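Reminder that position 38 of the sequence shown reads as 37 in numbering that gives the first Met the number 0, one-by-one numbering, no gaps.
Ideal Cβ positions, reconstructed from N, Cα and C, are used throughout, including at glycine.
None of the values given here were measured: they were computed from a predicted structure.
Remarks on the structure that follows.
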Amino acid sequence: MKFKVGDKVKIKPWDITATIYTIDDKDAVLPYLVVDEDDQTSWWLEEELELINE
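In structure tokens, the structure reads:
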């Protein structure tokens with residue numbers, strides 16, 4: 000897994016900043032649950048996320 004819980008990421012398709020909340024590493028189709036700036040959650044693939052260096 001490229002990311003860890005708590006990492007700040009950009010959701011590439013939407014250009015939104017979010018935080019990794021949960022990772023399902025048990026062969027999940029969408030393994031990363033993120034929480035965005037509006038406290039909305041959504042599941043994403045690794046290639047749809049980009050780590051933000053702070």
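>> Am I right that residue 32 and residue 40 are in contact with their C-beta atoms under 8 Å? What's the rounded C-beta distance?
In response: 6 Å
> residue 36 by DSSP, collapsed to three states: which one?
Replying inline: Taken through DSSP and simplified to helix, strand or coil, residue 36 comes out as coil.
>> Report the CB separation of residue 20 from residue 8 in whole angstroms; it is logged as a contact under 8 Å.
In response: Between residue 8 and residue 20 the Cβ distance is about 11 Å, and since that is not below 8 Å, they are no contact.
>> Distance cutoff 8 Å, beta carbons only. Does residue 4 sit that close to anything in chain B?
In response: Chain labels in this structure do not include chain B; a single protein chain is all it has.
>> Would residue 44 and residue 29 be called neighbours here (beta carbons separated by less than 8 Å)?
In response: yes
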